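Visitor:
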Amino acid sequence: MESTTTLAPGFLIASPHMKDGFFERTVVLLAEHMPGQGAFGIVINRPTPVGFAEVLSQMDITFDDADLRHTSAPVLSGGPVDREFGWVIHSLDWHTENTHRLGDLIGITASRRVLEDIAVNAGPQHFIFCLGYAGWGPDQLMGEVHSGAWLSIPLETDLVFHTDAESRWQTAISRLGFDPFELSPSVGDA
């Protein structure tokens with residue numbers, strides 16, 4: 118029987134027992150999950166050495182270099198797929214017809230326009246910028262969840278916009294309501 122459970126929109130938290138090189142201690146903003154069709158998400162806690170100002174400069178987008186939102190914002194590694202493709206995860210005070218809305222809380226936009234608007238302070242009040250994404254094939258994600266690789270919590274804005282990238286995994290873990298370090302690292306029959 119096919120599962121109809123969907124985890125999106127929400128967050129996937131890498132289990133403390135996950136030892137995958139890329140996904141170890143990650144938090145994924147899960148944007149799409151259709152049972153039987155796959156899933157799409159963006160890692161929100163892997164800073165790169167590249168700054169947001171550098172991305173704007175490389176794209177020839179003029180910005181106010183005195184604005185700390187431009188000069189201090191990190192670029193995050195959003196996942197191992199399409200690492201050159203950029204995604205802006207943002208508050209919904211700014212959106213276009215191309216914004217993928219995650220309920221009434223968060224938008225995801227992949228366009229030059231959002232970057233240009235951010236550069237002139239006409240964009241969303243809160244945003245993070247990520248390169249790449251994570252994708253799962255049909256039923257792959259649910260298999261990983263059932264094996265104990267991922268834990269999930271509901272979508273909320275505080276984790277994305279008001280928690281430092283380096284602290285997001287520990288903060289997400291603390292919101293589970295139990296100690297995942299006490300979980301068995303393997304799942305099986307009792």
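Residues are numbered in my numbering as their position in the sequence shown, beginning at 1, plus a constant of 117.
Ideal Cβ placement from N, Cα and C applies to all residues, glycine included.
Note that the coordinates shown come from a computational prediction; the quantities given were computed from them, not determined experimentally.
For P126 and R218, what's the separation of their Cα atoms in angstroms?
Guide: 9 Å
Visitor: Can you find the residues in the same chain that come closer than 6 Å, C-beta to C-beta, to H150, ignoring five residues on each side of it along the sequence?
Guide: T123, L124, A125 and A156
Visitor: Exposed or buried, N238, counting other C-beta atoms within 10 Å across all chains shown (16 or more means buried)?
Guide: Classification of N238: exposed, given that the 10 Å Cβ count is below 16.
Visitor: Given a cut-off of 8 Å, decide if G168 and C247 are closer than it, judged by their beta-carbon atoms.
Guide: Going by beta carbons, C247 and G168 fall outside the 8 Å limit.
Visitor: If you draw a straight line from the alpha carbon of A307 to that of V160, how long is it in whole angstroms?
Guide: Annotation note: pLDDT 44 at A307 (below 50); position unreliable, no value reported.
Visitor: Just the Cα atoms here: how many angstroms apart are G254 and Q154?
Guide: 7 Å
Visitor: For W211, collect the residues of the same chain with a Cβ closer than 6 Å to its Cβ; drop the 5 residues on either side in sequence, then sort them by chain order.
Guide: G240 and P241
Visitor: Suppose you measure from the CA of E233 to the CA of E201; what does that come to, to the nearest Å?
Guide: Rounded to whole angstroms, the gap between the alpha carbons of E233 and E201 is 18 Å.
Visitor: At 4 residues or longer, what runs of the alpha helix (DSSP H) sit wholly inside the segment 241–283?
Guide: 257–263 and 275–278
Visitor: Following the continuous beta strand (DSSP E) through W204, name the residue where it begins and the one where it ends.
Guide: V198 to S208
Visitor: By alpha-carbon positions, which one of I223, G220, Q287 and E214 ends up nearest to R230?
Guide: Closest by alpha carbon: E214.
Visitor: Measuring only the C-alpha atoms, how far is D137 from I130?
Guide: Between the alpha carbons of D137 and I130 lies a distance of about 13 Å.
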